[in-house]
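Q: I have a structure I would like to understand better, so I am pasting it below and will then ask my questions one at a time.
Protein chains in written order, with this note's numbering: chain A, 1 to 273; chain B, 1001 to 1284.
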């Protein structure tokens, strides 16, 4: 049945107010979770949650884009749209993960990095760029799980990893379809149409080799059975970790480099110099 | 978002330019109106002045070809030539046509020119983006050319110079454009680890996925005066915060004040400044 859903249907599921958020999964998947705050420079931006978690005796560093579960939470979490401090906070914890040889799990779920005045003043572009660069060379395994909306550089900023997993009804794209149609056709009301041509579903991204695996959702979507959804994610995280933990650190980052290096390579490439 | 605002501004300025021509009865093509001080200027004089308004110092946009001529010693630029297949990951018909048309019209193969050359005798790898090609947007070809150039700089142990001008990641190639941010930034990470110098120069406009990747990762980041530089476009920010943006928001001067640019350099001093920085990184 879910095969008949088009991109817009999936986007609607991914954006649904009752869609489980990162913290719902974290609570269900890990035996223990200690949240830690702040970028040590300016503030603690709450659109990204960071912390330490334990699963089957393994310690993980968790980086998660967190949407609110109600209006109050959404205001607090800026509707899951990170300010630069969020990316500086997550970079801080990723470097710590490397220091303590702890694998990293990121949960991607954002409409995009916050396009605000303060965000620009404090270097949104620089924060994202640095985060992407650091993730490309952190010497511990990184598992990325796209759980809802993965939109623009705001998603990619915590999306560079060794195994990229994606929930069946999640979407991942260069921009929201509203933004996309507004740029391309100067008409944000054509978002539905944009969603269908943008190739933003898990299936599309698997075909592009932008992601490695699709995680099946319970019938009707993740919200129908959060426990089962969490269990599925947990199993896939463990499988991915089993695979990655044996790889030597140099090889790990070389492979990660090659993975992204190959994205968008065109066929005939004859350089003259 | 940024792109259409900029385009609109361009269209408007061309329109007023042409109206002015009619009024003043000046032959079209020989004269140009300064976007800032509105002075009507003789094109050749502007060109001889680095495409900077002699009246008020406004920096006009520069094609990649003319930029290279201003920065690289004459006769030393060797372009990395590559045979490019049309890339169209979303399978949009109009996109392929648009690219073909632009190639014909601009004589460029894509929105960036990359190669090797000398700056006062100092060998460098240089990439120069070009706003005439889909507002310098970064798709797979731009990402590939820039990544190739970074890897070439590592291989040859040469400093890397990138002049950015871009509306951001290219919409028409969807998610694959987004992934170019990861590809180019990861390559900059390797260059960094190899201990090589990267000078990033931000010119008008530099936005979106380019700001949020290699352009912000320079060891040294220079900018041209008055260049508009940011992540989100002004229109999107205004719509989000529902208030007007302050005067001078997102200019090079604003970025300098907020600590995201090392130095603002006038175009006439750009080559010399880069040269001096290059020398400061030698012999250690």
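Quick reminder that beta carbons are idealized off the backbone N, C-alpha and C, glycines included.
Predicted, not measured: the structure shown is a model, and the values here were computed from it.
I'd like the span of the beta strand (DSSP E) that includes residue 109/A, first residue to last.
A: Your numbering for residue 109/A matches position 109 in the first chain. Looking at the DSSP string, the run of the beta strand (DSSP E) that includes residue 109/A is 104 to 110.
Q: Label residue 78/A either buried or exposed according to how many other C-beta atoms from any shown protein chain fall within 10 Å of its C-beta, with 16 as the threshold for buried.
A: Along the first chain, one-based indexing puts residue 78/A at 78. Result: buried.
Q: Indicate whether at least one CB of chain B lies closer than 8 angstroms to the CB of residue 46/A.
A: Counting from one through the first chain, the residue named residue 46/A turns up at place 46. Closer than 8 angstroms: no.
Q: Compute the Euclidean distance between the alpha carbons of residue 1202/B and residue 1119/B, then round it to the nearest angstrom.
A: Counting from one through the second chain, the residue named residue 1202/B turns up at place 202. Counting from one through the second chain, the residue named residue 1119/B turns up at place 119. Looking at the two C-alpha atoms, the distance is approximately 18 angstroms.
Q: Between residue 4/A and chain B, is there a C-beta pair that is closer than 8 angstroms?
A: Position 4 of the first chain, counted from the start, is the residue given in the question as residue 4/A. With 8 angstroms as the cut-off, residue 4/A does not count as an interface residue toward chain B.
Q: Taking residue 105/A as the reference, give the member of 112/A, 15/A, 29/A, 152/A with the closest Cα.
A: Counting from 1 along the first chain, the entry for residue 105/A is found at position 105. For the residues 112/A, 15/A, 29/A, 152/A, the minimum Cα distance to residue 105/A belongs to 29/A.
Q: So what does DSSP say about residue 1169/B, is it helix, strand or coil?
A: The sequence position of residue 1169/B within the second chain is 169, counting from 1. Reduced to three states, the DSSP call for residue 1169/B is strand.
Q: Between the segment 1089 to 1110 of chain B and chain A, which residues of the former have a C-beta closer than 9 angstroms to a C-beta of the latter?
A: Residues passing the 9 angstroms Cβ filter: 1089, 1090, 1091, 1092.
Q: Give the range of the beta strand (DSSP E) segment to which residue 1031/B is assigned.
A: Residue numbering aside, residue 1031/B sits at position 31 when the second chain is read from its first letter. Start and end: 1031 to 1033.
Q: Is the Cβ-Cβ distance between residue 1153/B and residue 1196/B less than 8 angstroms?
A: In the second chain, residue 1153/B corresponds to position 153, counting from 1. In the second chain, residue 1196/B corresponds to position 196, counting from 1. Yes, these two residues count as a Cβ contact at 8 angstroms.
Q: Looking at the unbroken beta strand (DSSP E) that takes in residue 59/A, where does it start and where does it end?
A: Counted from its first residue, the first chain places residue 59/A at position 59. Start and end: 58 to 65.
Q: For residue 151/A, report the span of its beta strand (DSSP E) as first-last.
A: One-based indexing of the first chain puts residue 151/A at position 151. From DSSP, the beta strand (DSSP E) with residue 151/A extends over 142 to 151.
Q: Taking just the CA atoms, how far does residue 50/A sit from residue 15/A?
A: Position 15 of the first chain, counted from the start, is the residue given in the question as residue 15/A. Position 50 of the first chain, counted from the start, is the residue given in the question as residue 50/A. Cα to Cα, residue 15/A sits roughly 22 angstroms from residue 50/A.
Q: Can you tell me which of the three DSSP states residue 1108/B falls into?
A: Mapped onto the second chain, residue 1108/B falls at position 108. Coil, per DSSP.
Q: With a cut-off of 8 angstroms on the beta carbons, I'd call residue 1128/B and residue 1068/B a contact; round off their distance for me.
A: Residue numbering aside, residue 1128/B sits at position 128 when the second chain is read from its first letter. Residue numbering aside, residue 1068/B sits at position 68 when the second chain is read from its first letter. Residue 1128/B to residue 1068/B, Cβ: 6 angstroms. Contact.
Q: Given a cut-off of 8 angstroms on the beta-carbon distance, is the pair residue 197/A and residue 1082/B in contact?
A: Taking the first chain and counting its residues from 1, the one referred to as residue 197/A is at position 197. Taking the second chain and counting its residues from 1, the one referred to as residue 1082/B is at position 82. Cβ distance not < 8 angstroms, so residue 197/A and residue 1082/B don't count as in contact.
Q: Based on Cα-Cα distance, which residue from 1094/B, 1144/B, 1075/B, 1138/B lies nearest to residue 1117/B?
A: Counting from 1 along the second chain, the entry for residue 1117/B is found at position 117. Ranking 1094/B, 1144/B, 1075/B, 1138/B by Cα distance to residue 1117/B puts 1075/B first.
Q: If you count every other CB in all the chains shown that lies within 10 Å of the CB of residue 100/A, and 16 or more means buried, which is it?
A: What you label residue 100/A is simply residue 100 of the first chain in a count that begins at 1. Exposed: under 16 other Cβ atoms inside 10 Å.
Q: Measuring only between beta-carbons, confirm whether residue 1179/B sits less than 8 angstroms from chain A.
A: Along the second chain, read from residue 1 onward, the residue named residue 1179/B stands at position 179. By this cut-off, residue 1179/B is an interface position.
Q: Look up residue 1195/B in the DSSP assignment and say whether it is helix, strand or coil.
A: Taking the first residue of the second chain as position 1, residue 1195/B is located at position 195. Residue 1195/B: coil per DSSP, three-state reduction.
Q: List, in order along the chain, the chain A residues whose C-beta lies closer than 9 angstroms to that of residue 1250/B?
A: As a first step, residue 1250/B must be located in the second chain, where it is residue number 250. Under the 9 angstroms cutoff, chain A gives 120.
Q: Secondary structure at residue 1042/B, three-state DSSP: helix, strand or coil?
A: The count along the second chain starts at 1 and reaches residue 1042/B at position 42. DSSP places residue 1042/B in strand when its eight states are reduced to three.
Q: Give the range of the alpha helix (DSSP H) segment to which residue 1068/B is assigned.
A: The residue you call residue 1068/B lines up with position 68 of the second chain. Segment 1064 to 1071, the alpha helix (DSSP H) holding residue 1068/B.
Q: Using a C-beta cutoff of 8 angstroms, does residue 136/A count as contacting chain B?
A: The residue you call residue 136/A lines up with position 136 of the first chain. For residue 136/A, the answer is yes, since a Cβ of chain B falls inside 8 angstroms of its Cβ.
Q: Using alpha carbons as the reference points, say which of 1237/B, 1254/B, 1174/B, 1077/B lies closest to residue 1121/B.
A: Taking the first residue of the second chain as position 1, residue 1121/B is located at position 121. Checking every option, the nearest Cα to that of residue 1121/B belongs to 1077/B.
Q: Please identify the residue among 117/A, 98/A, 119/A, 155/A whose C-alpha is closest to the C-alpha of residue 138/A.
A: Counted from its first residue, the first chain places residue 138/A at position 138. Residue 138/A has its Cα closest to that of 98/A, out of 117/A, 98/A, 119/A, 155/A.
Q: Find the residues of chain B that neighbour residue 229/A, judging by a C-beta separation of less than 9 angstroms, and give them in chain order.
A: Against the first chain, residue 229/A aligns to sequence position 229. None at all; the shortest Cβ gap to chain B is about 24 angstroms.
Q: When you compare only the Cα positions, how much space is there between residue 187/A and residue 179/A?
A: Here residue 187/A refers to the residue found at position 187 of the first chain. Here residue 179/A refers to the residue found at position 179 of the first chain. Approximately 9 angstroms between the Cα atoms of the pair.
Q: Please name the residues in the segment 1194 to 1222 of chain B whose beta-carbon is closer than 7 angstroms to at least one beta-carbon of chain A, in chain order.
A: Of all residues in the segment 1194 to 1222 of chain B, 1209, 1211, 1212, 1213, 1216, 1217 have a Cβ within less than 7 angstroms of some Cβ in chain A.
Q: Put residue 222/A into one of helix, strand or coil per three-state DSSP.
A: Residue 222/A sits at position 222 when you count from the first residue of the first chain. If DSSP states are grouped into helix, strand and coil, residue 222/A belongs with the helices.
Q: Okay, do the segment 235 to 244 of chain A and the segment 1147 to 1163 of chain B touch, 3+ Cβ pairs below 8 angstroms being the bar?
A: No, they do not touch.
Q: Could you list which residues in chain B have their beta carbon closer than 8 angstroms to that of residue 199/A, in chain order?
A: Within the first chain, residue 199/A is the residue found at index 199, counting from 1. Those within 8 angstroms of residue 199/A in chain B are 1089, 1090, 1174, 1175.
Q: Rounded to whole angstroms, what is the Cα-Cα separation between residue 64/A and residue 214/A?
A: Walking along the first chain from the start, residue 64/A turns up at place 64. Walking along the first chain from the start, residue 214/A turns up at place 214. For residue 64/A and residue 214/A, the distance between alpha carbons rounds to 19 angstroms.
Q: Which residues share a DSSP beta bridge with residue 51/A?
A: If you number the first chain from 1, residue 51/A lands on position 51. Paired residue(s): 35/A, 62/A.
Q: Taking Cβ to Cβ, would you say residue 1234/B is nearer than 8 angstroms to residue 1250/B?
A: Sequence index remark: in the second chain, residue 1234/B carries index 234 (1-based). Sequence index remark: in the second chain, residue 1250/B carries index 250 (1-based). Yes, they are a contact pair.
Q: Between residue 1178/B and residue 1200/B, how many whole angstroms is the CB-CB distance? I'm expecting something under 8 angstroms.
A: As a first step, residue 1178/B is located in the second chain; it is residue number 178 there, counting from the start. As a first step, residue 1200/B is located in the second chain; it is residue number 200 there, counting from the start. Their Cβ separation, rounded to whole angstroms, is 20 angstroms, which puts residue 1178/B and residue 1200/B out of contact at 8 angstroms.
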